[in-house]
Amino acid sequence: MNPLDELYQAVILEHSRRPRNNGPQPVPPAFHAEGVNPSCGDEIEVWVNFTEDGKIGKVTFQGQGCAISQSAASIMTVKTAGRSVEEARAMLTGFHEIVSTEIDPDMDRFGELAVFAGVRQFPARVKCAMLGWRALEQALNRSEASVTTE
Amino acid sequence: MSPSSTPDWSAVRAQFPILSQVQSNGQPLIYLDNAASSQKPQAVIDALVRYYTHDNANVHRGLYELSARATDQYERARGRVAQFIGAEENEIIFTRGTTEGVNLIAHAWCSKNLRAGDVILLTELEHHSNLIPWQLAAQRHGATLRFVPVLDETGAPDPTALPAMLTPEVKLFAFVHISNSLGTIHPAEEWCALARSRGIATLVDGAQSAGHIPVNVKDLGCDFYVLGGHKMCAPTGIGALYGRAEMLDELPPFHGGGEMIESVRYDRATYRAAPARFEAGTPNIAGAIVLAAACDYLDGIGIGHIAARDEALTRRMVDALNSINGVRAIGPEGPRGALSSFVMEGVHPHDLVTAASEYGLALRGGHHCTQPLMKKLKLPGTARASLYFYNTEAEIDRMAEILTAIRKYFA
Ligand SMILES: Cc1ncc(COP(=O)(O)O)c(C=O)c1O
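Below you can see the structure in the form of structure tokens.
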């Protein structure tokens with residue numbers, strides 16, 4: 000496969016054309032954060048809702064951006080729903096490894112996220128792939144901060 | 000080559016060694032990001048090597064031959080750059096680039112002249128380099144910024160707006176000569192004359208005009224003109240600020256340090272006259288000398304020829320872009336700088352530019368350091384192709400083929 004096809008895998012193009020979980024959620028109960036990529040000005044907003052037992056309920060996002068940032072955010076909303084905060088954070092670390100290192104992604108653990116391994120050949124695009132995840136991270140931080148101050 | 004006869008452009012192109020390279024995947028380089036930085040001809044590269052091989056020493060201090068030679072070349076470079084834009088030698092301050100030139104004036108001029116309640120007028124097209132320094136100055140002095148509005152995607156300023164906006168509280172009008180994101184060419188002469196008739200100082204951001212079109216600061220009638228060397232065949236890290244002599248003489252220093260002083264006590268100092276007052280510390284000596292070499296090189300071709308070449312290539316490029324299904328060129332209909340922003344339906348500029356790179360095509364994608372403008376025009380950024388005289392018709396045709404393929408890829 001040439002580097003372009005590796006970057007723009009069918010799954011990625013499909014999610015960028017038809018992003019899942021697109022749109023805001025009411026705050027509260029949801030937590031909200033936004034990520035900005037200063038090199039292109041792209042912005043992604045993320046909303047996270049929690050279930051009664053403290054798990055991540057629904058994750059949604061909104062924003063304009065390239066195919067990489069849109070599809071990464073879209074897949075992120077699908078993969079993190081129903082997980083614990085800890086699991087979501089581990090997934091973020093794993094995703095960062097997938098897009099920016101030489102480490103072989105653990106397909107069992109990451110499944111669909113591994114399609115982003117093509118990003119590693121385009122260092123300038125790592126920020127695009129991480130944009131939604133960084134916003135999610137902030138939203139999770141906010142939710143935890145609100146718990147500890149309660 | 001005499002400036003009067005039309006240059007042999009393929010011979011000119013051959014003077015740029017970098018342009019004959021192939022990319023790592025075997026594709027020949029098509030460099031269309033000249034508005035970000037230009038390439039350097041062998042003559043300029045040689046001048047840099049010559050300086051460090053034969054003439055390098057600190058300037059203005061050594062009482063020995065080598066330092067005298069470096070000093071002589073450095074000061075002659077000042078004269079050469081002055082000549083390049085129709086200024087006097089003592090009106091040229093060497094800077095790190097356009098950005099530093101704007102910052103120098105935003106500090107020195109504003110600290111002397113800007114008061115609370117005053118207004119600095121800009122246009123909505125400004126590069127962040129000609130926006131943020133004024134935001135900071137306005138915050139320091141309690142002044143505000145106003146913006147000459149841009150009408151639409153053609154980048155045309157509202158023709159009726161300016162006279163009404165040059166009101167008494169406006170103390171300085173700073174504007175881009177040629178817009179780096181839309182290509183708009185502002186009527187600098189007319190605007191500077193109008194501002195001057197009302198006692199308003201003017202600064203022209205010449206980052207995209209220097210080395211592209213004939214520039215004579217006396218004809219422009221501006222008080223300040225800033226340029227960067229790296230967009231006109233010189234290295235990065237060197238630029239020049241022109242200041243009208245009477246304006247510079249009145250200004251306090253920008254940076255303090257060696258070279259800019261007359262006499263120093265522990266608690267105070269007196270400063271040298273311009274331009275030395277504004278060049279604290281060891282300057283970019285090699286950069287200045289090589290910038291002068293770039294002026295020699297460009298004048299050797301003839302700026303008039305360069306402008307005509309820019310124009311012909313740009314017209315071909317805009318037509319080529321508009322002929323691609325789903326692509327829309329943005330910017331002025333008539334004369335424009337040697338660049339075109341464009342959007343491709345359904346394809347984000349970053350994806351487009353990444354894909355183009357796989358074909359060896361170097362484009363720019365994003366907000367082009369004009370984020371507020373992109374927001375105003377409701378564009379999620381654009382892709383931009385920008386030219387210089389060494390680009391070829393064949394490269395433009397190839398660009399069109401590549402863009403057509405990219406559109407198919409993402410469709
Ligand atoms: C219109 C304009 N102004 C200012 C700048 C900044 O120039 P420099 O890189 O010389 O600081 C640029 C280029 O980046 C530009 O295009």
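So the sequences go chain by chain: V and E. Using numbering that gives the first Met the number 0, you'd call the opening residue of the first sequence number 0 and step up by one each time. Using numbering that gives the first Met the number 0, you'd call the opening residue of the second sequence number 0 and step up by one each time. Positions of the beta carbon are idealized from the N, C-alpha and C atoms, including for glycine.
Other residues of its chain near residue i: CB distance less than 7 Å, five sequence neighbours each side excluded
i, result
"His19/V", "In the sequence as displayed, the identity of residue 19/V is Arg instead of His. Answer for Arg19/V: Ser73, Thr76 and Val77, listed in chain order."
"Glu87/E", "Ala81 and Ala244"
"Glu152/E", "Ile329 and Leu376"
"Phe146/E", "Leu121, Thr122 and Glu123"
"Gln41/E", "Gln14 and Pro16"
Residue i versus residue j - alpha carbon distance
i, j, result
"Gly64/V", "Ala128/V", "10 Å"
"Thr403/E", "Val58/V", "37 Å"
"Met0/E", "Ser385/E", "Because Met0/E sits at a pLDDT of 45, beneath the cut-off of 50, its placement in the model cannot be relied upon, and the point is left open."
"Ile300/E", "His211/E", "12 Å"
"Arg267/E", "Ala279/E", "16 Å"
"Arg335/E", "Val175/E", "13 Å"
"Glu189/E", "Asn129/E", "20 Å"
"Thr148/V", "Ser142/V", "Here Thr148/V scores only 47 on pLDDT, less than 50, and its place in the model is too uncertain to base an answer on."
"Asp248/E", "Phe277/E", "11 Å"
"Leu372/E", "Leu297/E", "32 Å"
"Arg108/V", "Asp4/V", "23 Å"
"Val84/V", "Phe30/V", "13 Å"
"Leu193/E", "Phe172/E", "11 Å"
"Leu139/V", "Ile97/V", "21 Å"
"Gly22/V", "Ala71/V", "15 Å"
"Gly256/E", "Ala137/E", "26 Å"
"Leu362/E", "Leu351/E", "9 Å"
"Asp295/E", "Cys109/E", "34 Å"
"Arg139/E", "His254/E", "17 Å"
"Pro186/E", "Cys221/E", "12 Å"
"Thr369/E", "Asn179/E", "9 Å"
"Ala10/E", "Ala9/V", "45 Å"
"Met259/E", "Ser36/E", "30 Å"
Extent of the continuous beta strand (DSSP E) run through residue i
i, result
"Ile74/V", "Not the beta strand (DSSP E): Ile74/V falls in the alpha helix (DSSP H), residues Ala66 to Thr79."
"Glu203/V", "The shown model of chain V, from 0 to 149, leaves out residue 203/V, and the question about it has no answer."
"Ile55/V", "Ile55 to Gln63"
"Phe94/V", "Premise fails: Phe94/V lies in the alpha helix (DSSP H), Val84 to Ser99, not in any beta strand (DSSP E)."
"Leu338/E", "Leu338 to Met343"
"Lys422/E", "Outside the displayed range of chain E (0 to 410) lies residue 422/E, so it cannot be described from this structure."
Endpoints, the alpha helix (DSSP H) within which residue i is located
i, result
"Leu65/E", "Glu64 to Phe83"
"Thr269/E", "Taken as a continuous stretch (DSSP letters only), Thr269/E belongs to no alpha helix (DSSP H), being part of the beta strand (DSSP E) at Ala268 to Tyr270."
"Ser110/E", "Thr97 to Asn112"
Presumed contact (8 Å Cβ cut-off) between residue i and residue j, rounded CB distance
i, j, result
"Leu113/E", "Lys170/E", "6 Å"
"Ala233/E", "Ala273/E", "At roughly 22 Å, the Cβ-Cβ gap does not stay under 8 Å, so Ala233/E and Ala273/E are not in contact."
"Thr183/E", "Gly154/E", "4 Å"
"Val203/E", "Ile84/E", "Wrong, their Cβ atoms sit about 10 Å apart, outside the cutoff."
Spatial neighbours of residue i in its chain, beta-carbon cut-off 6 Å, leaving aside the 5 residues before and after
i, result
"Gly56/V", "Asn48, Phe49 and Thr50"
"Ile288/E", "Tyr50, Gln72 and Ala76"
"Ala56/E", "Leu65, Ser66 and Ala69"
"Gln20/E", "Leu28"
"Ala328/E", "Val317, Leu320, Asn321, Ser339 and Phe341"
beta-carbon residue i near ligand 2 non-hydrogen atom, thresh 7 Å
i, result
"Gln38/E", "The model depicted lacks ligand 2 and carries ligand 1 instead."
Residues near residue i in its chain [Cβ-Cβ closer than 8 Å; skip 5 each side]
i, result
"Pro28/V", "Asn48 and Phe49"
Exercise for the section: Output, in sequence order along the chain, the residues in the segment 95 to 125 of chain V whose CB is closer than 7 Å to any CB in chain C. Expected result: Included in the structure are the protein chains V and E, with no chain C among them.
Problem - chain E contacts made by the segment 44 to 69 of chain V, where a contact means CB separation under 9 Å - result: Against chain E - using a Cβ distance shorter than 9 Å - the residues of the segment 44 to 69 of chain V are Gln63, Gly64, Cys65, Ala66, Ile67, Ser68 and Gln69.
Problem - Contact set between the segment 349 to 375 of chain E and chain V, restricted to residues whose Cβ is under 8 Å from the partner - result: The segment 349 to 375 of chain E vs chain V, Cβ under 8 Å: His349, Asp350, Thr353, Ala354, Glu357, Gly364, Gly365, His366, Gln370 and Met373.
Practice task
Could you name the residues of the segment 28 to 42 of chain V whose beta carbon sits closer than 8 Å to any beta carbon of chain E, in the order they occur along the chain?
Solution key: Hits within the stretch, in order: Ser38, Cys39, Gly40 and Asp41.
Problem - Cβ-based contacts, 8 Å cut-off: residues of the segment 372 to 406 of chain E near chain V - result: So the close ones are Met373, Pro379 and Gly380.
Handout entry: Residues of the segment 125 to 143 of chain V with Cβ closer than 9 Å to any Cβ of chain E, in chain order
Key = Cβ contacts with chain E: Cys127.
Problem - Chain-ordered residues of the segment 316 to 350 of chain E with a beta carbon less than 7 Å from chain V - result: Hits within the stretch, in order: His347, His349 and Asp350.
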